[in-house]
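A short write-up of the structure that comes next.
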Amino acid sequence: AWALGSRYEFFAIVPVLALTMSMPPMVGRLLGAKNYRDIQSLVGIAVKFILGFQLLIAAITFLLANPLALLMTSDTQVEQVLHMHLMIVPISLGSLGVCMLMVSICNALGKSYTALTISALRLFVFFLPCLWLGAQLGGIRGLLFGACVGNIMAGISAYLTYRKTIHKLAIKQATA
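Numbered per the numbering used here, the sequence shown spans residues 13 to 188.
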């Protein structure tokens with residue numbers, strides 16, 4: 013069920029993957045021009061798109077979770093867990109998308125260690141501990157809620173880290 017849910021998530025975040033590949037050249041060009049305001053505007057538009065699009069996908073998935081689960085498997089136990097997965101985890105894919113985008117943006121800003129930190133925090137501080145805690149507290153359902161909470165926390169942390177990074181770059185430029 014986890015593998016099927018993960019495959020579904022991959023297709024749901026394809027637009028995010030497109031943004032993570034297409035935005036760095038634009039950010040790099042704006043960085044070369046020292047145009048931090050436009051970088052912030054571009055990133056803001058992308059974040060709003062990701063959150064809005066993923067919210068739409070989550071709503072559709074929530075409404076169609078049962079038929080989707082039945083379509084993806086014929087095993088009753090797998091179908092039940094997959095149904096739970098489709099009801100819980102997709103609401104956090106917007107935050108996961110923001111996290112993925114912030115990694116690409118920080119790399120484009122020449123802040124590869126910041127990008128690495130965002131990735132490491134997502135996995136080792138947010139996602140895995142939330143999975144473990146969720147599983148301990150609530151079994152399979154708790155595991156899924158843990159994945160959801162971990163993704164949301166990672167997205168918030170990544171966005172705040174990006175904001176701090178771009179602010180430091182803008183201040184450094186202003187004082188130079």
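C-beta: ideal position from N, C-alpha, C; glycine also.
Query, Result
"Terminal residues of the alpha helix (DSSP H) in which ALA170 lies", "140 to 187"
"Own chain partners of THR177 with C-beta closer than 8 Å, once the 5 adjacent residues on each side are dropped", "CYS118, LEU121, LYS123 and THR126"
"Beta strand (DSSP E) runs contained entirely in the segment 55 to 118, provided each spans 3 or more residues", "none"
"GLY17 versus LYS184: straight-line alpha-carbon distance, rounded", "44 Å"
"Same chain, Cβ closer than 7 Å to LEU145, five either side skipped, listed in chain order", "GLY158"
"Close Cβ partners of ALA58 (< 8 Å) along its chain, the five nearest in sequence each way excluded", "LEU31, MET35 and LEU113"
"Alpha-carbon to alpha-carbon, ALA188 and GLY109", "34 Å"
"Straight-line Cα distance separating GLY167 from MET99", "20 Å"
"Check: MET33 C-beta below 7 Å from any heavy atom of the ligand SAH", "Looking at this structure, you won't find the ligand SAH or any other ligand, since it has none at all."
"Burial state of ALA15 (16 or more Cβ within 10 Å)", "exposed"
"HIS179 burial status per 10 Å Cβ neighbour count (16 or more: buried)", "exposed"
"Local Cβ density within 10 Å of GLN66, reported as buried at 16 or more and exposed below that", "buried"
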